[in-house]
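My numbering runs 13 ahead of the 1-based position in the sequence shown.
Cβ atoms here follow ideal geometry from the backbone N, Cα and C, with glycine treated the same way.
Data block below; observations after.
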Amino acid sequence: MTKVVEKNGYFSIKRMELTNPQSNIDAKSCISHLRASLEGTFTKHFGSKIANEMFERTLEKIEEISAWLEDEYYKTSRQLLLVLKCKINS
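Structural data, given as structure tokens:
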């Protein structure tokens, strides 16, 4: 990850941690967080109608995959926390 951030050149890493979360996963909350962070990008590329439909369908499907997600989450879950600082170009 350090190489990726350095290659980008716009950010510096202020903190980096690898954690092993122990709390239960809430699949609907996970999708909501993904939507909050990615909706703008999807909307820009595909339009708001398609982006909205994609997230709505994902929420519908989450019931089918949530049990699998929970099982796999506890076996292999790791979280990488990065705190980045934007470099100001003068």
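| query | result |
| --- | --- |
| Rounded separation between Glu73 and Asn102 - CA only | 44 Å |
| Whole alpha helix (DSSP H) elements within the region 57-98, 4-residue minimum | 61-89 |
| Element boundaries [alpha helix (DSSP H), containing Lys20] | Thr15 to Asn21 |
| Through-space distance from Leu95 to Ala49, alpha-carbon basis | 18 Å |
| Which of helix, strand or coil DSSP assigns to Lys41 | helix |
| From Cys99, Thr54 and Asn21, residue whose alpha carbon lies closest to that of Phe68 | Thr54 |
| Sub-7 Å separation of Ala64 and Glu52 beta-carbons | yes |
| Cβ-based burial, Ala40 [other Cβ within 10 Å; buried from 16] | buried |
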